[in-house]
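Here the structure comes first, spelled out in structure tokens, and everything after it is commentary.
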Amino acid sequence: MQQVFKRPTSLKDVQTHFCPGCHHGTIHRLVAEALDEFGLQKETIGIASIGCSVFLYYYFDIDVIETPHGRAPAVATGVKRARPDRFVFTYQGDGDLAAIGTAEIIHAANRGEHISVIFVNNTTYGMTGGQMAPTTLLGQKTSTSPYGRKPQVEGYPIRMAELLSGLDGVAFSARAAVNSPKNLMDAKKQIRKAFRYQVEGKGFSFVEVLAACPTNWGMNPIEANERVGREMCEFFKLGTFKNTAEL
């Protein structure tokens with residue numbers, strides 16, 4: 377029998393440790409498929425920071441560098457400048473990239489560093505107890521906003537894809553989701569475009585991926601997946617916000 381679907385070469389054959397319904401595994405596969413498509417496995421250096429993204433080395437069969445919380449774009453900048461022949465991408469969560477790493481991501485993007493960033497937005501601090509993140513939606517209850525996020529107290533959720541698209545150094549910025557087959561296929565295309573920009577030397581590329589965190593949301597996997605489409609996609613609109621190749 378002919379095998380038509382298999383594990384990407386860039387992924388290790390290991391059992392997942394992520395919570396049931398977590399979308400990290402799905403996003404990992406999309407990233408690995410893009411690496412395989414461009415033949416980048418042996419030339420890639422992945423940059424992971426603190427959070428659920430810290431396990432990048434466990435799942436990807438590539439070189440990986442671990443960084444302090446929020447500093448992945450800064451480390452990626454140094455790696456890419458030292459080894460411009462390598463494909464360099466960061467894999468970060470919202471508590472990491474949009475909070476403690478705000479300065480690093482904005483300045484790396486503004487400088488137009490030749491790196492690619494995969495930003496997983498699940499509106500919470502997934503690993504450290506479900507605290508409110510910069511992307512937590514209004515009214516959403518977390519361990520540090522037990523009565524729901526209020527704009528007059530905690531401010532508004534940050535739309536990172538739109539924010540970065542306004543910087544001159546950004547070549548590509550998009551948002552996708554993996555809650556449905558249609559959205560998953562679009563996410564695959566967006567990640568592929570972002571990686572192609574780096575391969576072709578076009579500059580900084582960014583893909584935000586909306587994802588579920590059932591454990592910290594207090595939902596089962598089905599409910600959490602539905603929430604991504606019902607609530608998150610309503611506030612965080614899917615699409616491409618900057619694509620210099622089409623300007």
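End of the sequence shown = 623 in this note's numbering, gap-free, step of one.
Don't be surprised by glycine CBs; every beta carbon is placed ideally from N, CA and C.
| Asked | Found |
| --- | --- |
| For a test of the three-state rule: what should DSSP assign to Phe-611, helix, strand or coil? | helix |
| Can you have a look at Leu-514 and say buried or exposed, based on whether 16 or more other CB atoms are within 10 angstroms of its CB? | exposed |
| Tell me whether the beta-carbon of Ser-549 lies closer than 7 Å to the beta-carbon of Phe-582. | yes |
| Quick check on DSSP: helix, strand or coil for Lys-618? | strand |
| Put Asp-437 into one of helix, strand or coil per three-state DSSP. | coil |
| Within the same chain, show all residues whose beta-carbon is closer than 8 Å to that of Asp-461, passing over the 5 residues directly before and after it, in chain order. | Glu-419 |
| Kindly indicate the opening and closing residues of the alpha helix (DSSP H) around Gln-529. | Per the sequence shown, residue 529 should be read as Val rather than Gln. Per DSSP, Val-529 belongs to the alpha helix (DSSP H) from 527-530. |
| From the DSSP output, which residues share a beta bridge with Leu-513? | Answer is none; Leu-513 lacks a bridge partner. |
| Report the residue from Ala-474, Phe-436 and Leu-543 whose alpha carbon sits nearest the alpha carbon of Ala-408. | Phe-436 |
| Reducing DSSP to helix, strand and coil, say where Thr-453 ends up. | helix |
| Give me the Cα-Cα distance between Asp-389 and Gly-531, rounded to the nearest whole angstrom. | 42 Å |
| Can you look up Glu-599 in the DSSP assignment and give me helix, strand or coil? | helix |
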